[in-house]
Structure formats: C-alpha cells, structure tokens
Amino acid sequence: PRRAGTKTQSGADGSVITETTSIRGDANKATATVTSASTNGIDVRTYECSSGGILLTEWKLYDGDKQVMSTLSYSGVFFPSAEQFKIGAKWEYSIVTHKDLDSGWVESETRRNCTVAGTSSVQYQGQFVDALRVDCVNEVKDLKASDEAALENYYDLYSFFYVYGVGIVGYRVSE
C-alpha cells in the first residue's frame, strides 16, 4: 500500500513541513510528488518508483509563487531497490539544475555517492531498533553562471538510517 501524509520536522532554521501531495501508478511503477515548505521557500520533488529503485526525476524550488530552480537532467538511482539495499551496496546519483539568483543564474551538478556502511541501533518511536546506516557524500559543482566569478564547489557528508518495512528513521550531517 502507498501512504500519503504530512510530517513536520524541526530544522536549524525553523520548522519544515513535508507533504506527499500526489501518488500515481501501481505496484510496478509509481510516481510521487513531495512538497516541503520552510522559511527558505517551497521545495517540490518528483520521484519515480519501479523495480529498479527510486529516481528523483524533477526538483523545483519556489520563492513565493516564483519558480527559482528547475531540473535540466539527471542520471543514476536516487535510492536502490530493496533487493539491492544490502551492506556494502553502493550507488551514485547526479542531477543538474538551473537556479535563478538575485544577481543572475547558475547551473550546478549535484553528485551523490552512497554506501550501505553497516548497522546501527537507533531510537524509533520510543524504542531502539536495528537500522542500516547509509553514508553519503554530496558534491555540488557549479558548471556555469551568468557571472563566471560566482562559480563555487562544495560538498557535505551525511548518514541516514533505514529500517526495513518502515523507511528512513533518522539523519545525521557530519561536521
């Protein structure tokens, strides 16, 4: 069964409300649209789910009613299928976006490399459960911009914790 719903998360910059706004398809192939609203704007992501895994096919950002970011291309698997999701499994995902800025625009590529690193005990609904720990590196590289001096590159490291039959139950950003 597919579940739609709303959840609220507290972030460093305030609350983020995430809502699954649309689910279409069947057990063989489905599309879900997930919308997150925060003080930074509205983030809309469209995922395609199939036996091969989950693809992030579209990512948009809005500032009020104005769309400020769109997807140009993507490749790879955003999240592998359950059969592939085992300790030692690795996958890569890449998305190229165009973002309008106050002073022009920038096209960036975000590459995400993930590895199922092992298991960890995490707290979920008041009890400790065993979860798979997935370590990821996001590398963001500006490809071109209206002002070439504005090109930047950066990366972040994070882990998320996945429980079979439940989904992602935790997230930790490395400092």
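Remember, our numbering sits 178 above the position in the sequence shown when you count from 1. Every residue, glycine too, gets a C-beta built ideally from N, C-alpha and C.
Counting along the chain, the unbroken beta strand (DSSP E) around Gly348 starts and ends at Gly345 to Val351.
A straight line joining the alpha-carbon of Ser200 with that of Val246 spans about 22 Å. Three or more Cβ pairs closer than 8 Å define a contact, and the region 297–308 meets that threshold against the region 334–344. Beyond the five residues adjoining it in sequence on each side, Asn331 comes within less than 8 Å, by CB distance, of Glu317, Val318, Lys319 and Asp320 in the same chain, given in chain order. Ala267 carries a coil assignment under DSSP once its states are collapsed to helix, strand and coil. Of the candidates Phe256, Gln303 and Thr249, Thr249 places its Cα closest to the Cα of Ser286. Selection Asp278, Leu279 and Gly231 evaluated against Phe256 yields Gly231 as nearest (Cα-Cα).
Bounds of any beta strand (DSSP E) do not take in Tyr342, whose DSSP letter is neither H nor E.
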